[in-house]
Each structure stands twice: as C-alpha cells, then as structure tokens.
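If you want our numbering, it's the position in the sequence shown, counting the first as 1, plus 6. Glycine included, every Cβ here is placed at the ideal spot set by N, Cα and C. Before any comments, here is the structure.
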Amino acid sequence: MNTLINEQLTHLLSLYDLERPVATFLRHNENRTYRVQDGSGKKYLLRIHDPFVPDMAGLQHRFEGIAAELDMLEHWGRWNEREVQIPVRNGQGGLVTTFESSGKKVHASLLTWLEGRDLIKNDLPCENTVRGLGEQLANLHAFFDQYEPAGIEARPHQGKAYNVKMAGVIRSGVGQGLFAEEDADTIEQTLDLVNRRLGDADGDEGPGLIHGDIGLGNTILTEDGGVRLIDFGFYGRGYALTDTAMAVMMLPADWRERFLDVYFGNRRRTENELRQIDGFMLVAIIGYYVFHFGNAAMHDWMRGRMPMLCREYCRPFLAGEPMLERIGF
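Printed below as a string of structure tokens:
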C-alpha cells in the first residue's frame with residue numbers, strides 16, 4: 007500500500023468508533039478487503055467495494071445495493087442464535103461509508119470478524135462438516151423465508167432472466183474466438199431446459215432470496231468446528247435450490263445425499279427438486295464463466311474448458327441423465 011492509500015485507510019477508519027485501528031490488507035478481487043484490529047483486540051473485516059477488474063462491477067457495488075445487503079446482514083445477525091458476520095455502523099449511524107479515491111466516489115462497509123478459516127476440500131469427507139453445512143444453509147433459507155427485504159430491487163438476481171442473459175454472454179464469445187458455435191448452442195439449450203423445468207409461476211427473477219455464491223472460499227470453518235456462510239456479495243432474488251446446488255458441488259459425490267438429508271430435514275425431496283438441482287449445478291458453472299468473461303487472464307482457461315463442460319456435463323444433462331453424482335468435486 008502506498009502512502010496515499012494508508013492515509014485514506016486512516017481517514018476511513020476514523021469514521022468508525024474504533025480504538026487505534028490497524029488495517030492489514032487481505033486481497034483484492036470483487037472488493038478490496040482488510041482485516042482490522044483495534045486497541046482492545048477486537049477484529050473486523052473492512053470491504054472497499056471497488057472490484058479488481060472493472061467489468062466485475064455490478065449492482066452489488068452501488069450504494070443502494072450495498073445498503074440492501076447490509077440491512078439483510080443486520081437482520082440476519084439479530085435473528086441468528088449462532089455467531090455470524092454483522093455490519094458495524096459508522097459514527098453517523100450509516101451502514102455504508104462513502105469516500106473519494108482517485109477522483110471518484112468509493113463505498114466501504116465494516117463487518118464483525120468471524121474467527122476461523124476457509125473451508126477446504128479435505129474438510130468435507132466428514133459427518134460433522136457436512137451436517138454443519140446442511141444445517142447452516144437450511145437456517146439461512148428459513149431466515150430468508152421470514153425476512154422482508156429492503157431495497158431488493160437494487161440487488162442482482164439469479165432467476166430465469168439471468169439464465170437468458172448468460173446464454174447471450176456465452177454466445178457473444180463466439181465472435182471473440184472464445185467458444186465454438188456448437189458449444190454456445192449447447193449452453194443455450196442447457197439454460198433453456200433449466201428455465202422450462204422451473205415453469206412460469208415465479209416470474210423472471212425467482213420466488214425467493216438466495217446467497218448466490220456458495221463455495222469453499224465463502225464458507226468458514228470456525229474454531230469450534232462450526233460451519234458459517236460468509237460473503238453475501240451476490241445476495242438477491244432467485245431460487246433457493248441454486249444455493250443448494252452450489253453447496254452440493256462442494257462435496258464428494260458419495261456425501262451429497264447425506265447433505266441433502268440434512269438440508270431437507272424430515273421432508274422428502276421430490277424428483278422435480280432433484281432435476282432442478284441438476285440444472286442449477288450447471289447454471290453455477292456457467293455463471294463462473296460469465297462472471298470472468300471480462301477478465302482476459304481467464305480466456306485461455308475458458309477456451310480449454312468449455313468443450314469439456316459441454317461434452318461431459320451439458321449434453322448428458324440434455325439427454326436426461328442425472329447430474330447429482332456426475333459433476334466433479
């Protein structure tokens with residue numbers, strides 16, 4: 007960090023009621039993030055909502071979108087009996103803090119720190135961890151079912167319209183030499199089948215609220231062995247089974263049924279729900295390509311992987327084969 011950035015951080019942190027805070031840079035991806043520790047030993051997560059690749063910027067980086075996410079997290083913290091990350095209001099009582107950097111306005115937010123580490127693959131062939139993940143996701147969705155969202159129109163969504171948009175993005179990659187025409191056709195057919203299986207009852211944005219970006223890097227294993235979901239940057243409208251499918255893909259194939267047992271509880275999942283999970287697993291993978299579409303450093307990876315995605319997963323899905331145990335861990 008250069009002197010200017012240090013001065014900005016000092017000023018930014020002075021806007022919160024913290025005792026001699028010290029910031030340590032963590033990473034710069036969707037946001038710039040810092041671990042902050044104050045003189046009393048309390049720790050926080052500072053997020054500066056300024057993505058590393060400008061094309062990654064979306065509704066979730068705008069003032070209204072950030073405020074909507076933080077309102078949800080504040081209610082999530084009050085509702086939850088377990089420790090979760092909750093927003094810290096600044097000295098003016100605001101959830102979002104805006105400052106100027108390089109001649110433009112940038113937004114920041116401060117969250118309480120959740121002690122633990124990112125989940126890794128080796129953690130997951132474990133009953134306690136799989137159970138914890140299923141319980142945490144079921145708990146989150148139970149909260150979403152009763153939460154009245156504020157400013158949800160300012161958040162991204164992952165409903166049927168999102169799937170149509172993704173098909174268009176992949177199609178545009180044909181002219182750029184990223185994808186073959188037949189692979190773009192396969193992706194479009196895959197997303198069309200996903201949408202047809204969802205029916206016409208829930209509109210284009212989806213019927214409920216979702217985390218929207220569940221993965222190993224957004225899941226914390228706490229010091230006492232608990233599992234917590236973090237990073238709600240893609241929180242918005244969608245289908246709950248989108249989250250479920252993302253969680254499924256974190257697990258080895260022979261643990262996925264166990265996770266679903268915990269997540270669904272006493273309710274038996276239907277065949278239609280399983281087929282929707284199949285589709286949402288592929289939606290999540292395609293979404294990864296679309297999210298990185300503007301990142302030229304990822305283009306060679308996309309060129310090499312897209313034919314395999316279509317051959318190994320999308321075409322069998324279109325042929326009616328179940329995906330629950332097929333898609334790799």
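- Annotation: the continuous beta strand (DSSP E) that includes Lys-111 extends over 110-118.
- In this structure, Leu-330 is the residue among Glu-277, Leu-330, Gly-285 and Tyr-153 with its C-alpha nearest to the C-alpha of Arg-262.
- When DSSP assignments are scanned along the region 94-166, the uninterrupted stretches of alpha helix (DSSP H) that are 4 or more residues long and fall wholly within it turn out to be 133-152.
- The beta-carbon distance between Ser-115 and Gln-14, rounded to whole angstroms, is 15 Å. This is too long to meet the 8 Å contact definition.
- For Gly-310, the enclosing alpha helix (DSSP H) begins and ends at 305-315.
- If you compare the alpha carbons of Asn-301, Pro-322, Thr-118 and Arg-243 with that of Ala-160, the shortest gap goes to Arg-243.
- If you look at Val-289, you'll find it in the alpha helix (DSSP H) that goes 277-297.
- The C-beta distance from Val-102 to Ala-74 rounds to 10 Å, too long to fall under 8 Å, and the pair is not in contact.
- In this structure, Val-42 is the residue among Val-42, Leu-143, Thr-104 and Val-170 with its C-alpha nearest to the C-alpha of Pro-27.
- Between Leu-227 and Arg-123, the C-beta spacing is below 8 Å.
- A check of alpha carbon separations from Thr-135 across Met-78, Phe-323, Tyr-269 and Asp-284 identifies Tyr-269 as the nearest.
- Taken atom to atom, the span from the alpha-carbon of Thr-248 to that of Asp-189 is near 23 Å.
- Across the structure, Ala-156 and Gln-98 are spaced so that their CA atoms are roughly 20 Å apart.
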